[in-house]
Structures are given as structure tokens and as C-alpha cells.
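Sequential numbering from 6 applies to the sequence shown in the numbering used here. C-beta atoms are modelled at their ideal positions from N, C-alpha and C, and glycine is treated no differently.
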Amino acid sequence: MALTMDRETADRGGEMVLTMDRETADRIRAEAKRFMEDYHRTFDANRGDLANLYREESVMNFEDREMVKGKEAIVAKLTSLQQFRYQISHIDCVPFVPTGGATAAQVMGDDM
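Encoded structure:
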């Protein structure tokens, strides 16, 4: 992975700004999209199997109305939902710079 510091900002003594090369960013987005597709297949089949994907510091924003914090609370929320049909309309994945090890994912869709 190539992370670079913006030279002009560094020369001014300002905050360090890191950027990621496009190839790396595209690869991370593709991996994150595959992960989200697998996540939703598991969500449909057996939501309890998602438990290993969460940690105690995990946070889930549910329908922009409820913040659910912690592994147990998130799994309890997911397993409490009724089965429903939905159509994913968009998956957006953004790698975090400078860590390169974390990605934010937003999934949007509609009930069917």
C-alpha cells in the first residue's frame, strides 16, 4: 500500500495529510464490497452467525434512529428483527487513511 504525505502541507508545518494511491483504494473498496455482500447473505440465512464480526467497541447505526453499541447488543438487535425482504441499492466503502486497516461501509436499500 502506498501512503504519501502532502508535501505542501508538510513544508508549512501544518497537519499531516495522507493520501492513498487509487489502485490501493479501489482494491480495498472491492474487498469491502465483497465482505458486505457476504454479510448480507449471512444476515438472510442466520443472523446469529454474524456475532464473530463484532467486538465490544463496535457500533451500529440502525436506520439513522438508533445507535447500538457492543457485540452482544448488536447481535441481539439483529436477531430480534423480523425476516423481511430487501433490495440493496448501493454499497459505499471508504478506506480510512492513514491506518489503511479500517474501512467504513454504508449500505442503502429498500424494503420489498
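Applying the criterion that 16 or more other CB atoms from any shown protein chain within 10 Å of the CB defines a buried residue, is residue i buried or exposed?
i	result
VAL80	buried
MET25	buried
ALA7	For ALA7, the predicted structure reports a pLDDT of 43, less than 50, and the residue's modelled location is therefore unreliable. The matter cannot be settled from this model.
Where do the N-terminal and C-terminal ends of the beta strand (DSSP E) with residue i fall, by residue?
i	result
ASP116	108-116
TYR91	91-100
GLU71	71-74
Could you give the first and the last residue of the continuous alpha helix (DSSP H) run that contains residue i?
i	result
ASP54	Unbroken run through ASP54: none, as it is neither H nor E.
Confirm, please, whether the CB-CB distance from residue j to residue i is below 8 Å.
i	j	result
ALA110	ALA37	yes
TYR59	LYS74	no
VAL112	MET65	no
GLY53	THR84	yes
Once the 5 residues before and after residue i are set aside, which same chain residues still bring their CB inside 6 Å of it?
i	result
VAL99	ALA109
ASP97	GLN111
For residue i, I'd like the list of residues in its chain whose CB is within less than 8 Å of its CB, leaving aside the five on either flank, ordered along the chain.
i	result
ASP115	TYR91, GLN92 and SER94
Leaving aside the five residues before and after residue i along the sequence, list all residues of the same chain whose C-beta is less than 7 Å from its C-beta, in chain order.
i	result
THR47	ASP54 and LEU55
Can you confirm whether residue i, when its beta carbon is compared against all beta carbons of chain B, has any partner nearer than 8 Å?
i	result
LEU86	Among the chains of the structure shown, chain B does not appear; only one protein chain is present.
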